[in-house]
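Below: the structure, in structure tokens.
There are 2 protein chains.
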Amino acid sequence: MPGSSRQIATALQRLAVFWRASQWQVFGAAGLNPTQGEVLLRVAARPERAAELAALLGVSQASLSDTVSALAKKGLVVRRPDPDDGRARRIEATAAGHSLAKRIPEAPEALFGAIAGLGDAERGALLRSLTQVIRSLQEARAIPVQRMCVTCRYFRPHVHDDAAAPHHCALVDAAFGDAGLRMDCGDHETATAEQAALAGARLLAVG
Amino acid sequence: MPGSSRQIATALQRLAVFWRASQWQVFGAAGLNPTQGEVLLRVAARPERAAELAALLGVSQASLSDTVSALAKKGLVVRRPDPDDGRARRIEATAAGHSLAKRIPEAPEALFGAIAGLGDAERGALLRSLTQVIRSLQEARAIPVQRMCVTCRYFRPHVHDDAAAPHHCALVDAAFGDAGLRMDCGDHETATAEQAALAGARLLAVG
DNA sequence: CCTTACAATATAGGAGTCCTAATTATTTTC
DNA sequence: GAAAATAATTAGGACTCCTATATTGTAAGG
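Going down the list, the protein sequences come from chains A and B. No gaps in the numbering here: position 118 of the first sequence is 118 in our numbering, and each next residue is one more. No gaps in the numbering here: position 162 of the second sequence is 162 in our numbering, and each next residue is one more.
Spelled out as structure tokens, the structure:
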């Protein structure tokens, strides 16, 4: 048991290394380095505050500020005052930033191929397991809360008998399966800690 | 189906970010940055050539050379001529390097906790899926071959009827299950491409 | 109102990754 | 033995990333 945990950790490490290395290629083609690319994709999807971006990328706010400055100098993003808080600034993509972001794939092609090589059921199970792991890390305060089903107040795991679509989203009022679990949902609304813990346990319990 | 692939990719990205951020903490306590720490742990486990290390870390040889120089300046590693090839050098940990390496955990504590939260069966399935993904990436030449069961010439997947231990290692002549799949085996001997492809297909096919 | 605490960013300074290109030394190939 | 390939390093430059400090705006208490 500790043995397989260690192997899993090693596997994740390998994939992390691969991810970082791919980013140099993917973003390098656009004249950006991995951190710049990551920030650009984020703010192109939706403007964010600096603190939020720093947490999501796992770097200090000072580092993030460096990167934003680099992107601003390239004319890809701008800092605008946040209407809700005079101390804060919102990082937004410029027109040039948006058009560049559109041309950047969000994940390395090879990874999609590798994942596609798994069977449908296996893919669903993999996504569910990874979702669980990430939720545990969030609970342990090791990573910031992400916009995922399992921490969303609209999520109802395993409420349908249909094995292919046992979960339910109360927002869109629709059933879906493991393969439909989202990692980054625009409509996400954070559930209370208890709600999330319950949902996690229920998601995990049913095989 | 493309949907779940995308979510899985996103999940892996989150974990990659988490991994990198944890490394700053784990290695920072030892006065190292992530890259230095990674190299030290590697060479403490066994001396390696620069090219090998660069491939495993996914950086250029020049970058690796920088990092080795930094470690050498701290007295943690030395470069020794490789007995087999006069062009090459072997990076080895010094006594100080070994003793420091022993005090560094190889994965963040929180990650072990998160993985341990999964059920036994789920953990085995997760390891198997990740193994598959990594093997596919190796096949696509996206990452260098690692010392894992599925690329080893001693690996025989699904040859036993015992569901708990269906695989077999021909080197130690022992049966084992999904949870025993190794990501970094010291006894690994690379199989031919066909062998590995066959083993991969067989590992995936059986449920 | 005004002070004190707190929060969101930015800047200063410095270490060090990480890249591409060019260089040196050695091995392999023909 | 000359030419081509390989292992590693050096040179030069951009930029991340850190900690610590400064700047500004918000919130709370007297």
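For each residue, glycine too, the CB sits at the ideal point set by N, CA and C. A quick note: this is a predicted structure, and the numbers were derived from the prediction, not measured.
Are the CB atoms of residue i and residue j nearer to each other than 9 Å?
i       : j       : result
L118(A) : Q132(B) : yes
I104(B) : F27(B)  : yes
R49(B)  : A88(B)  : yes
L12(A)  : L111(B) : yes
A175(A) : D187(A) : no
G113(A) : S60(B)  : no
T16(A)  : A16(B)  : The residue you asked about is not Thr; residue 16(A) is Ala in the sequence shown. Yes; because the gap between Cβ atoms is below 9 Å, this pair is in contact.
E122(B) : A201(A) : no
A116(A) : F18(B)  : no
R156(A) : A170(A) : yes
C149(A) : L198(A) : no
Find the residues of chain A that neighbour residue i, judging by a C-beta separation of less than 9 Å, and give them in chain order.
i       : result
V133(B) : A11, L15, L111, A114, I115, G117, L118, L126
E122(B) : A125, R128, S129, Q132, L204, G207
F155(B) : Correct list: empty, because the minimum Cβ distance to chain A is about 14 Å.
F27(B)  : What F27(B) touches in chain A: nothing, since even the nearest Cβ is about 13 Å away.
A197(B) : None at all; the shortest Cβ gap to chain A is about 11 Å.
I91(B)  : The premise fails here: I91(B) is roughly 18 Å from chain A at the closest Cβ pair, so nothing lies under 9 Å.
For residue i and residue j, I'd like the C-alpha separation in whole angstroms.
i       : j       : result
D184(B) : D66(A)  : 37 Å
M1(A)   : D120(B) : Any reading at M1(A) needs caution, since the residue's pLDDT is 46, under 50, leaving its predicted position unreliable; the model's value is listed next. Rounded to whole angstroms, M1(A) to D120(B) spans 7 Å at the Cα level.
L203(A) : A196(B) : 34 Å
H158(B) : A165(B) : 8 Å
H160(A) : Y154(A) : 15 Å
A70(A)  : V39(A)  : 11 Å
R20(B)  : A107(B) : 11 Å
T10(B)  : L57(A)  : 13 Å
L41(B)  : A101(B) : 6 Å
R79(A)  : A72(A)  : 8 Å
P144(A) : A44(A)  : 20 Å
W24(A)  : G37(B)  : 21 Å
P83(B)  : D178(A) : 53 Å
P81(A)  : A51(A)  : 14 Å
C152(B) : G75(B)  : 35 Å
A96(A)  : H167(A) : 40 Å
A205(A) : R128(A) : 11 Å
S63(A)  : A193(A) : 30 Å
N33(B)  : S22(B)  : 11 Å
V68(B)  : S99(B)  : 17 Å
Along the chain, where does the alpha helix (DSSP H) that runs through residue i open and close?
i       : result
A142(B) : Note, A142(B): premise wrong, no alpha helix (DSSP H); not H, not E.
I115(B) : 109-116
A197(B) : 193-205
Report the neighbours of residue i on chain B: residues whose CB is nearer than 8 Å to its CB, in chain order.
i       : result
Q146(A) : R14
A54(A)  : Those within 8 Å of A54(A) in chain B number zero; the least Cβ separation is about 10 Å.
A107(A) : R6, A9, T10, Q13
Can you name the start and end residues of the beta strand (DSSP E) that residue i belongs to?
i       : result
D66(A)  : Not the beta strand (DSSP E): D66(A) falls in the alpha helix (DSSP H), residues 61-73.
G180(A) : Taken as a continuous stretch (DSSP letters only), G180(A) belongs to no beta strand (DSSP E), as it is neither H nor E.
R153(A) : Looking at the DSSP string, R153(A) is not in any beta strand (DSSP E), and its letter there is neither H nor E.
G86(A)  : 85-93
R80(A)  : 77-82
A165(B) : Unbroken run through A165(B): none, as it is neither H nor E.
List, in order along the chain, the chain B residues whose C-beta lies closer than 7 Å to that of residue i?
i       : result
D184(A) : T10
L181(A) : Q7
I want to verify the contact list: residues of chain A whose CB lies under 7 Å from the CB of residue i, in sequence order.
i       : result
A21(B)  : G58
S136(B) : G113, A114, G117
I104(B) : Result: empty, since nearest Cβ-Cβ is about 14 Å, beyond 7 Å.
For residue i, go through chain A and note every residue whose CB falls closer than 8 Å to its CB, in chain order.
i       : result
G3(B)   : A179, G180
A140(B) : A110, G113, A114
Complete runs of the alpha helix (DSSP H) confined to the stretch 2-65 of chain B [at least 4 residues]: 2-28, 34-45, 50-57
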